[in-house]
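Last residue of the sequence shown: 489 (numbering that gives the first Met the number 0), numbering continuous. The block underneath contains the structure these notes are about, expressed in structure tokens.
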Amino acid sequence: MSDILMKEMESISISPTKPEECPDGARSFLLVDDQENLQVRDETEFVDRLGCGEVAGVKVLSIFGNTGDGKSHTLNHILFSGESVFYTSKSPSSCTVGVWAAYDHTLGLVALDTEGLLGAAANQNQRMRLLLKVLAVSDIVVYRTRAERLHNDMFQFLSNASGAYLKHFTPELRALSSRCGLDVPLSSLGPAVIVFQETTHTQLLAHDAKLSGHADTLLQKRFHELGLGTEAFSSVQYVGTQTITPPTDYSRLLEAVNQQVKNTHTRSPRQPGIMFHALEALSERFCGELSDDKMIPYSFFPDEYFTCSAVCLSCNIRCKNGMNHLRDRVPHLADGLCQYVHQYNNKVLICKECYEGGREVIVLPKTSASSDNPWFGLAKYAWSGYVLECASCGVIYRSRQYWVGNQDPESGVVRSEVKHVWEGSDTFLTTHQNAAQRVLDGMNYVIQSVSEYSTGPTKAVAAWVTDQVAPPILETQHRDHCVSWLQEAV
Numbered sequence: 000m001s002d003i004l005m006k007e008m009e010s011i012s013i014s015p016t017k018p019e020e021c022p023d024g025a026r027s028f029l030l031v032d033d034q035e036n037l038q039v040r041d042e043t044e045f046v047d048r049l050g051c052g053e054v055a056g057v058k059v060l061s062i063f064g065n066t067g068d069g070k071s072h073t074l075n076h077i078l079f080s081g082e083s084v085f086y087t088s089k090s091p092s093s094c095t096v097g098v099w100a101a102y103d104h105t106l107g108l109v110a111l112d113t114e115g116l117l118g119a120a121a122n123q124n125q126r127m128r129l130l131l132k133v134l135a136v137s138d139i140v141v142y143r144t145r146a147e148r149l150h151n152d153m154f155q156f157l158s159n160a161s162g163a164y165l166k167h168f169t170p171e172l173r174a175l176s177s178r179c180g181l182d183v184p185l186s187s188l189g190p191a192v193i194v195f196q197e198t199t200h201t202q203l204l205a206h207d208a209k210l211s212g213h214a215d216t217l218l219q220k221r222f223h224e225l226g227l228g229t230e231a232f233s234s235v236q237y238v239g240t241q242t243i244t245p246p247t248d249y250s251r252l253l254e255a256v257n258q259q260v261k262n263t264h265t266r267s268p269r270q271p272g273i274m275f276h277a278l279e280a281l282s283e284r285f286c287g288e289l290s291d292d293k294m295i296p297y298s299f300f301p302d303e304y305f306t307c308s309a310v311c312l313s314c315n316i317r318c319k320n321g322m323n324h325l326r327d328r329v330p331h332l333a334d335g336l337c338q339y340v341h342q343y344n345n346k347v348l349i350c351k352e353c354y355e356g357g358r359e360v361i362v363l364p365k366t367s368a369s370s371d372n373p374w375f376g377l378a379k380y381a382w383s384g385y386v387l388e389c390a391s392c393g394v395i396y397r398s399r400q401y402w403v404g405n406q407d408p409e410s411g412v413v414r415s416e417v418k419h420v421w422e423g424s425d426t427f428l429t430t431h432q433n434a435a436q437r438v439l440d441g442m443n444y445v446i447q448s449v450s451e452y453s454t455g456p457t458k459a460v461a462a463w464v465t466d467q468v469a470p471p472i473l474e475t476q477h478r479d480h481c482v483s484w485l486q487e488a489v
């Protein structure tokens, strides 16, 4: 019985279509897979597969929404007259995995079809981060929903996307604009958002309003009531349609998209290659695995999606810099104070005078000052103890400068500070051990030198004392032994 059941289950496939497949003659192609990997090698291949090599400028439209709400179907009807450019399916599982792209020659739009929200995905965190990358390179964003009433999840998603765009993606897009020589930065304003709601039994937002734009005002009021913002978006527009009897009427949505395509006040058409380089730059910067146990619940785009995953070994605080910042030679950085752990020896001494002057100069205990020669420095060390030397102020402390009353350095010339310790960084451990090792090496060197130079006098004194206290019979035996030794030698 169990064998028959297993065979029947194997014959039933509920998994989505493989990313590399393009079924039923669909003309779109996979741009980014569900692991955030670009599927085109370079700008030339990207332009060739879109078929827009002769086009001077394009705009980018992307669509978002919950899984099963008909995003691919919507793109096919508003941009391609119902042609199956993007694959659609009656399967209960998601038919869109990753990000698929196609070019609309009529409107000059690069259309990006995305994977649905709330889907049963294994790597949900990476897929959510991928959605924001797509949003960041888009000029027009359509949020498609079939909900009879607008849910708070939609407002939360758009608000979190706005905040993450401003915080994490704006610097990257600004740098890309500088490299590409654009007059208007890509980060000056985010995309225009169109909320497209299709209902069956419920009236649309502001259905009885006599003034145009009242629905947009009600939409913004809802954001305000929830304490959410949309500062990153150039505009947020509402478009609704009530479908009592199919098919769906997309005319109002198509009109809104046309208006945004013609609007060049905030976003002008740009070369297709610039869009590819923007997506490539964001993919290189924000990549890597994401751990579920470190994510903030009830947040669509937590900072953990875009910040460095390193944590301090001593206090377990997360680095606040962006992902892959070490490539730019930017060190790890964390907010808050750290705690001292003997294993990491992460307490450093900072010159107080330099610190009060606005500089942070770390000082280490040494056997001698850098200006002293080795012998003179070791002699000073034996007499006055170790030194603390600042690169700017010189020697600021000697441990045995006075016979009595020597104060601890932290009470006057230095201040102690506990530093964060990052994996792969042995700064504190190495420098402090090296300083201590230099002290021990200096002591061993002094002891060894004194021992070597005192060996001769010690032996001479010992021999003289032996001769003085030796009895006469030993002297006779000693002379006889010497005579016999000389005779044997001859």
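The C-beta atom is built at its ideal place from N, Cα and C for all residues, glycine as well. A quick note: this is a predicted structure, and the numbers were derived from the prediction, not measured.
{"Asked": "Pick from 384, 158, 103, 262 that is closest to residue 50, judged by C-alpha positions", "Found": "103"}
{"Asked": "Residue 343, DSSP secondary structure in three states", "Found": "coil"}
{"Asked": "Residue 56 versus residue 107 - alpha carbon distance", "Found": "8 Å"}
{"Asked": "Assumed close pair residue 116, residue 59 - CB separation to whole angstroms, cut-off 8 Å", "Found": "About 20 Å separates the two Cβ atoms, so there is no contact after all."}
{"Asked": "Cβ shell of residue 194 (< 6 Å), same chain only, five flanking positions each side left out", "Found": "142, 237"}
{"Asked": "Spatial neighbours of residue 75 in its chain, beta-carbon cut-off 8 Å, leaving aside the 5 residues before and after", "Found": "81, 82, 83, 84, 85, 87"}
{"Asked": "For residue 217 and residue 211, the rounded distance between their alpha carbons", "Found": "12 Å"}
{"Asked": "Proximity to residue 344 [Cα-Cα], best of 276, 274, 79, 421", "Found": "421"}
{"Asked": "Inter-stretch contact (C-beta, 8 Å, three-pair minimum) for the region 360-367 and the region 319-336", "Found": "no"}
{"Asked": "Contacts around residue 165, its chain only, beta-carbon distance under 7 Å, and the 5 residues preceding and following it disregarded", "Found": "230, 231"}
{"Asked": "For residue 65, three-class secondary structure by DSSP", "Found": "strand"}
{"Asked": "The alpha helix (DSSP H) enclosing residue 416, as first and last residue numbers", "Found": "Where residue 416 is concerned, there is no enclosing alpha helix (DSSP H), although the beta strand (DSSP E) it sits in stretches over 413-417."}
{"Asked": "Buried versus exposed, by CB contacts within 10 Å (16 or more), residue 308", "Found": "exposed"}
{"Asked": "Where residue 38 falls: helix, strand or coil (DSSP)", "Found": "coil"}
{"Asked": "Boundaries of the alpha helix (DSSP H) in which residue 352 is found, first to last residue", "Found": "351-355"}
{"Asked": "DSSP beta-bridge partners of residue 330", "Found": "Paired residue(s): none; residue 330 is not in a bridge."}
{"Asked": "Given residue 225 as reference, the closest of 266, 242, 255, 156 once Cα atoms are compared", "Found": "156"}
{"Asked": "Residues that DSSP places opposite residue 143 in a beta bridge", "Found": "64, 195"}
{"Asked": "The beta strand (DSSP E) enclosing residue 228, as first and last residue numbers", "Found": "No beta strand (DSSP E) holds residue 228; DSSP gives it neither H nor E."}
{"Asked": "Any non-hydrogen atom of the ligand COA closer than 7 Å to residue 329 Cβ", "Found": "Although the ligand COA was asked about, the structure shown includes no ligands whatsoever."}
{"Asked": "Secondary structure of residue 89, DSSP reduced to three states", "Found": "coil"}
{"Asked": "Secondary structure of residue 71, DSSP reduced to three states", "Found": "helix"}
{"Asked": "Whether residue 26 touches residue 100 by CB criterion (8 Å)", "Found": "no"}
{"Asked": "Residue 245 versus 198, 204, 252, residue with shortest Cα-Cα distance", "Found": "198"}
{"Asked": "Extent of the continuous beta strand (DSSP E) to which residue 236 belongs", "Found": "234-241"}
{"Asked": "Whole-number beta carbon distance between residue 417 and residue 346, since they are thought to touch under 8 Å", "Found": "5 Å"}
{"Asked": "C-alpha distance - residue 77 paired with residue 251, whole-angstrom precision", "Found": "10 Å"}
{"Asked": "For residue 165, the first and last residue of its enclosing alpha helix (DSSP H)", "Found": "Segment: none, residue 165 is in no alpha helix (DSSP H) and carries neither H nor E."}
{"Asked": "Candidates 368, 351, 235: closest to residue 138 by CA position", "Found": "235"}
{"Asked": "Cβ contact (3+ pairs, closer than 8 Å) linking the region 61-74 and the region 35-50", "Found": "no"}
{"Asked": "CB contact flag (residue 113, residue 130, <8 Å)", "Found": "yes"}
{"Asked": "Integer-rounded CB distance, given that residue 286 should sit under 8 Å from residue 35", "Found": "6 Å"}
{"Asked": "Sequence-distant residues of its chain with Cβ nearer than 7 Å to residue 200 (five each side left out)", "Found": "147"}
{"Asked": "For residue 222 and residue 154, the rounded distance between their alpha carbons", "Found": "6 Å"}
{"Asked": "Minimum C-alpha distance to residue 366 - residue among 337, 390, 397, 336", "Found": "397"}
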